[in-house]
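Let me begin by presenting the structure, written as structure tokens, before commenting on it.
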Amino acid sequence: MVPGNNFGHVIVRSTDFSCTRSRFDRNESSGDSGTDSEPPFAPMNPDQQVANTGSRPPTVYDQKYMDFVENVLKEAASDFEKEKKFSDQNLLKLYKIFDGTFERALDLYEKQRVTQISTSDTIITEPCKNANTASWLMQVKGHSGALYTLFPEINYCTCAAFRVQTNVMLSNVEDYALVAKVGLSNLKIVTQLLKAINFKETATCLGSENGLKITVEDAKCMQASAYIPSTVFDEFELKEDVTFSLSLNILVECLCMFWPTSQEDSVNVQIFYKGTGYPVSVIIEEDGVITDCSLKTLEVDALLDFHLEAENVVNKVVLRTELLKDVMAELDPTSELVELRLSPEEPYFRISTEGLGGICHIDLPRDSDLIDTFQCTSTATSNFKLAHIKPAMKALSCANKVSLRTNNAGLLCFQYMIKTENGHTCYMEYYISPLIDMDVC
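Residues 1 to 441 in UniProt numbering are what the sequence shown lists, from first letter to last.
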């Protein structure tokens, strides 16, 4: 959610919302609201009245402006509490105040793309049993000390002071165990990495002096990790090693909420984490517009210790990602299993499937221009679920090279190398357990 005209900070929570954007395509007929036909809505200039209020609205520099806005918010809040929806008249008032920002707010609400958002200190004027259907008012103290009225269904604050208050709230970095900031150039890579391992809802994050490691596990048979070194971040401060779990789906949604439409657009993301039991705060700033997202952390489940000791690696192949893309495109999608054969003798590198179309063998020459390294000490054949192989291919779109390794137990590891625009290197690893006695895990 974004504030209009730099007046303040907009906060969004995912909830049921009955309004649609089509309300902005029509205006309420004066004195004839019961008719089905309404004239099209045209944006009003500052000299026009706001939704038939009978008075010219103050300018944003007028001291009376905040009183005017507060009255509109209170009226709209009261309207929603009674009717559980907004009248066209109040929608027009809100649209006039917040301009296109309000329309974008409704669009995000209807798609339910946003998790609950944190604010600075709030005062809830009455209890709420269910936050998803909340209609109570709350007040937020601005930087000037004035209280501004908000309500969860819109959660707008019109003052520039509230934005300052939000920054002040997060400026005391010594209170946080983890503080990280990433700019637009590297943010794209970070988002691609997270999308590439986003095949399960929950991810476990480990923060160390080397950077962040985000891990996703599926049924103890597959594990994927994205390694984001500290050098990728514009700022990276860590008081101590931290470990927490969160919804990877929501994190990716937050990072993709606002995306630049031109090269001139600027996006910065800051991540704050205090420690066990606290949420992760994600602050997104887009051309001076701030969005504050609070992601609930979850109890950390123990992860399997997937790794390949160097002395146990029996096969290693380093190849260009375009070659692996071509191979994956040829696999029979009706096959449940994939057989991988690596050998010092022909066929050196064979991938096989068996589906409705029959048996398919794909043989790759070890001296191909697209294979940089081929090391094989003994013949090894293992079977894997195709459903586990496919998620490991998500990183192909952003990687430069991929390393394929197996050990003497048949454990398969895909390791991807991703270069950033600034020359930094990120890594991704996918570990896949082989099927034992063809018993599907």
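C-beta: ideal position from N, C-alpha, C; glycine also.
With residue i as the anchor, note down where its alpha helix (DSSP H) starts and where it stops.
{"i": "His-388", "result": "386-389"}
{"i": "Glu-330", "result": "321-330"}
{"i": "Ala-196", "result": "184-196"}
{"i": "residue 467", "result": "There is no way to answer for residue 467, as the model of the chain reaches only from 1 to 441."}
For residue i, I'd like the list of residues in its chain whose CB is within less than 8 Å of its CB, leaving aside the five on either flank, ordered along the chain.
{"i": "His-424", "result": "Asn-186, Pro-229, Thr-231 and Val-232"}
{"i": "Gly-211", "result": "Tyr-227, Ile-228, Pro-229, Ser-230, Thr-231, Val-232, Phe-233 and Phe-236"}
{"i": "Glu-345", "result": "Thr-379"}
Taking the CB atoms as reference points, tell me whether residue i and residue j lie closer together than 8 Å.
{"i": "Asn-312", "j": "Gln-375", "result": "no"}
{"i": "Val-269", "j": "Leu-255", "result": "yes"}
{"i": "Ser-245", "j": "Val-280", "result": "no"}
{"i": "Ser-335", "j": "Glu-354", "result": "yes"}
{"i": "Gln-415", "j": "Phe-306", "result": "no"}
{"i": "Thr-420", "j": "Ser-382", "result": "no"}
{"i": "Ile-359", "j": "Ser-352", "result": "yes"}
{"i": "Glu-217", "j": "Leu-295", "result": "no"}
{"i": "Asp-241", "j": "Gly-207", "result": "yes"}
{"i": "Ala-387", "j": "Leu-342", "result": "no"}
{"i": "Ile-418", "j": "Asn-400", "result": "yes"}
{"i": "Cys-413", "j": "Leu-248", "result": "no"}
{"i": "Tyr-348", "j": "Phe-272", "result": "no"}
{"i": "Leu-94", "j": "Ala-77", "result": "no"}
{"i": "Leu-92", "j": "Leu-178", "result": "no"}
{"i": "Glu-330", "j": "Ile-362", "result": "yes"}
{"i": "Ile-189", "j": "Ala-203", "result": "no"}
Quickly, what does DSSP pair residue i with across the bridge? List them, please.
{"i": "Cys-293", "result": "Val-282"}
{"i": "Phe-236", "result": "Ala-180"}
{"i": "Tyr-431", "result": "Gln-223 and Cys-413"}
{"i": "Cys-426", "result": "Ile-418"}
{"i": "Arg-341", "result": "Arg-350 and Thr-381"}
{"i": "Cys-376", "result": "Asn-315"}
{"i": "Phe-244", "result": "Cys-205"}
{"i": "Pro-229", "result": "Gly-211"}
{"i": "Leu-298", "result": "Ser-245"}
{"i": "Gly-355", "result": "Gly-358"}
{"i": "Val-267", "result": "Glu-286"}
Quick check on DSSP: helix, strand or coil for residue i?
{"i": "Ile-214", "result": "strand"}
{"i": "Phe-272", "result": "strand"}
{"i": "Gln-89", "result": "helix"}
{"i": "Asn-407", "result": "strand"}
{"i": "Ala-77", "result": "helix"}
{"i": "Lys-82", "result": "helix"}
{"i": "Lys-401", "result": "strand"}
Leaving out five residues before and five after residue i in sequence, what residues of the same chain have Cβ atoms less than 6 Å from its Cβ?
{"i": "Lys-394", "result": "Ala-196"}
{"i": "Ser-433", "result": "Cys-221"}
{"i": "Leu-337", "result": "Asn-383"}
{"i": "Ser-403", "result": "Val-318 and Gln-415"}
{"i": "Pro-391", "result": "Phe-199"}
{"i": "Gln-192", "result": "Cys-398"}
{"i": "Ile-389", "result": "Val-338"}
Excluding the 5 residues flanking residue i on each side, which residues of the same chain have their C-beta closer than 7 Å to its C-beta?
{"i": "Gly-183", "result": "Asp-234 and Asn-268"}
{"i": "Leu-396", "result": "Thr-321, Leu-324 and Lys-325"}
{"i": "Asn-408", "result": "Asn-312 and Val-314"}
I need the boundaries of the beta strand (DSSP E) containing residue i, first residue and last residue.
{"i": "Asp-363", "result": "358-364"}
Hey, is residue i close to the ligand GTP, as in C-beta under 7 Å from one of its heavy atoms?
{"i": "Thr-291", "result": "By its list of ligands, the structure shown contains no ligand whatsoever, and the ligand GTP lies outside what it can speak to."}
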